[in-house]
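Our numbering numbers the first residue of the sequence shown as 438 and each following residue consecutively. This report concerns only the one structure given below.
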Amino acid sequence: MSNKPVTHETELPEDFEIFPWNEKFNTGHEKIDEQHRTLAGLVNRLARTLIDQDYSDVSSEFDELAKYAHLHFMDEESVWLQYFDEDDPWFSSHLHNHDSFWPKVNDIQLANSDKPLHEVVENITQYLIRWLAFHIVGEDKRMASAIQLMESGMTIDQAKILADAEMKDSLHVLIDVILNMHYRLCSRTLALLRERNAHEKNE
Ligand SMILES: [Fe+2]
Numbered sequence: 438m439s440n441k442p443v444t445h446e447t448e449l450p451e452d453f454e455i456f457p458w459n460e461k462f463n464t465g466h467e468k469i470d471e472q473h474r475t476l477a478g479l480v481n482r483l484a485r486t487l488i489d490q491d492y493s494d495v496s497s498e499f500d501e502l503a504k505y506a507h508l509h510f511m512d513e514e515s516v517w518l519q520y521f522d523e524d525d526p527w528f529s530s531h532l533h534n535h536d537s538f539w540p541k542v543n544d545i546q547l548a549n550s551d552k553p554l555h556e557v558v559e560n561i562t563q564y565l566i567r568w569l570a571f572h573i574v575g576e577d578k579r580m581a582s583a584i585q586l587m588e589s590g591m592t593i594d595q596a597k598i599l600a601d602a603e604m605k606d607s608l609h610v611l612i613d614v615i616l617n618m619h620y621r622l623c624s625r626t627l628a629l630l631r632e633r634n635a636h637e638k639n640e
């Protein structure tokens, strides 16, 4: 007989993450990847308030996320600016994308001001995960790939053509990443339903 302690399969481990890091998020730029992992961690902390139903820290979690996202965008833009001119279309559209990130969180808060707090936090968490996954896989990886190609001696025009060609795979990467997250959540949901049914039968 196993000496393992008996645990319910539905108990969420302390380190359960709604937005788990996936190696496919890596851009190859060490500092940017490290900061992206920290951002994902902050989103997980926010999501944790939903699991624990403890909303006392929600506003400080939001503040920390907003501050860190701002810092990260500034750092990331300074990396891009070492290789792109300020008026380069790739850089300006990236900047525009960063600038749209937090105002949308405020829009969601305003649009949901009559809803219970857990619903607002849930909607924002969904938006954050979606925005970050799309932005990292679709935008940051393209910029990082272009700068790596420039580092290897290509001109900016050559690097952009090749980086664009490499991005043809990004849709598959995104689908793979999202499906992985989906499967994890599905198996957890199925476990919860199994336990609920078993509990009802016993009663
Ligand atoms: Fe970015």
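Glycine is no exception: its CB is placed at the ideal position from the N, C-alpha and C atoms.
Are the Cβ atoms of residue i and residue j separated by less than 9 angstroms?
i: residue 503; j: residue 458; result: no
i: residue 454; j: residue 479; result: no
i: residue 521; j: residue 593; result: yes
i: residue 473; j: residue 577; result: yes
i: residue 499; j: residue 483; result: yes
i: residue 477; j: residue 569; result: yes
i: residue 456; j: residue 565; result: yes
i: residue 648; j: residue 523; result: A query on residue 648 cannot be resolved here, the shown segment of the chain reaching from 438 to 640 and no further.
Smallest Cα separation from residue i: which of the options?
i: residue 518; options: 610, 584, 633; result: 584
i: residue 544; options: 533, 532, 561, 602; result: 561
i: residue 541; options: 551, 557, 477; result: 557
i: residue 532; options: 456, 512, 608, 461; result: 512
i: residue 495; options: 546, 467, 530; result: 546
i: residue 526; options: 497, 580, 564; result: 580
i: residue 555; options: 467, 463, 636, 485; result: 485
i: residue 462; options: 589, 567, 640, 622; result: 567
i: residue 536; options: 552, 549, 514, 468; result: 514
Are there 16 or more other CB atoms within 10 angstroms of the CB of residue i, so buried, or fewer, so exposed?
i: residue 493; result: exposed
i: residue 612; result: exposed
i: residue 631; result: exposed
i: residue 582; result: buried
i: residue 619; result: exposed
i: residue 600; result: buried
i: residue 636; result: exposed
i: residue 481; result: buried
i: residue 588; result: exposed
i: residue 440; result: Because the pLDDT at residue 440 is just 44, under 50, the model does not fix this residue reliably, and the point stays unresolved.
Can you round the beta-carbon distance between residue i and residue j to whole angstroms, since I take them to be within the 8 angstroms contact cut?
i: residue 586; j: residue 596; result: 4 angstroms
i: residue 610; j: residue 574; result: 5 angstroms
i: residue 572; j: residue 534; result: 6 angstroms
i: residue 505; j: residue 475; result: 6 angstroms
Query raised in the report: Relative to ligand 1, what is the chain-ordered list of residues with a Cβ closer than 6 angstroms to any of its non-hydrogen atoms?
Result: Chain order is used for the residues whose beta-carbon lies nearer than 6 angstroms to a heavy atom of ligand 1, namely 513, 531, 535, 572, 576, 577.
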